[in-house]
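Here is the structure we will look at.
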């Protein structure tokens, strides 16, 4: 098994064998461990997992969305990227303006009730269409609040001044590479209540050594089956982009987690993934000399990605 899939499978196995059952915000229940670290050396390839298909387009367009400081799902929907839909949809169906059928607990109900699932899909399709075509509706209900992109690019300090954390850290890597302050944080205690979802991947730090740039992420809450494969690839891609911007080689992505958990309704899917062997990891090329802030999805190229099929599982909202 390749090293990337191997360390991820080891985390799945650890949670299965050592995890404690815990109630959670969504009411689903999880098996959880506290404190885990994985390391991915990007000289060995790109850590897009191969024991299930991971959708690179979703990862890349979301990362571009973060980098541009965007917080409205309209940009994502234009790329048919639906990974943030449920949180925006929840805001809409819980609003006083919503007059459609009851969508309470839509995530779990859609899995258990086929008739409700069809109703839910109809309402979600109508919601997405309005976000894409109705500017006023999109502004109000497509916006997720002060989530990742806002904090990365427009952190508001106590004096009201905007801080572009991502631009500042890139400039610092170029001018003072040995600094221990190459940090971007999405965890803004003063604005947690203004976010549709408080940041799970909370802050990250860059490290320069011998011409190589490494990145460590601290993730306070890690949905290991659904979310973590995306997080691994997203921050590895960010590392590639910043390394290119700074004229450095990409080193290690270090993934440190606080509460690492498997949702109780994902256990069957986890077992299916663990039964699979891996393929060789792919490579990712950035075919543009544009600034990181101007990169388009079409500038990325995934080379030789072979994987087992995608495994579907419910998202807990």
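Numbering (my numbering), first residue to last: 3 to 319. Heads up, the beta-carbon is just placed ideally off N, CA and C, and yes, glycines get one too.
Reference residue i, options the options, closest by Cα
| i | options | result |
| --- | --- | --- |
| residue 261 | 20, 279 and 272 | 20 |
| residue 44 | 270, 277 and 257 | 257 |
| residue 200 | 153, 72, 284 and 289 | 153 |
| residue 248 | 278, 292 and 67 | 292 |
| residue 223 | 10, 35, 5 and 23 | 35 |
C-alpha distance - residue i paired with residue j, whole-angstrom precision
| i | j | result |
| --- | --- | --- |
| residue 242 | residue 156 | 23 Å |
| residue 208 | residue 102 | 47 Å |
| residue 49 | residue 114 | 34 Å |
| residue 128 | residue 194 | 29 Å |
| residue 272 | residue 316 | 12 Å |
| residue 288 | residue 294 | 10 Å |
| residue 180 | residue 214 | 12 Å |
| residue 253 | residue 7 | 18 Å |
| residue 304 | residue 100 | 41 Å |
| residue 158 | residue 185 | 16 Å |
Residues near residue i by beta carbon distance below 8 Å, same chain, minus five either side
| i | result |
| --- | --- |
| residue 63 | 77, 78, 81, 83 and 299 |
| residue 266 | 23, 30, 31, 32 and 33 |
| residue 297 | 66, 69, 243, 288 and 290 |
Cβ neighbours of residue i in the same chain (closer than 7 Å, five flanking residues each side left out)
| i | result |
| --- | --- |
| residue 25 | 31 |
| residue 226 | 13, 14, 17, 262, 263 and 264 |
| residue 196 | 147 and 148 |
Paired residues, beta bridge with residue i - DSSP
| i | result |
| --- | --- |
| residue 38 | 259 |
| residue 221 | 203 and 259 |
| residue 304 | 286 |
| residue 24 | 32 |
| residue 215 | 210 and 252 |
| residue 4 | Looking at the DSSP assignment, residue 4 forms no beta bridge with any residue, so it has no partner. |
| residue 43 | 254 |
Where residue i sits in the DSSP three-state scheme
| i | result |
| --- | --- |
| residue 155 | helix |
| residue 33 | strand |
| residue 109 | helix |
| residue 183 | coil |
| residue 55 | coil |
| residue 114 | helix |
| residue 10 | helix |
| residue 267 | helix |
| residue 252 | strand |
| residue 281 | coil |
| residue 238 | helix |
| residue 139 | helix |
| residue 87 | helix |
| residue 230 | helix |
| residue 178 | coil |
Residues near residue i by beta carbon distance below 6 Å, same chain, minus five either side
| i | result |
| --- | --- |
| residue 108 | 122 |
| residue 210 | 179 |
| residue 268 | 227 and 315 |
Heavy atom of the ligand MG within 7 Å of residue i beta-carbon
| i | result |
| --- | --- |
| residue 13 | The ligand MG is not part of this structure, which contains no ligands at all. |
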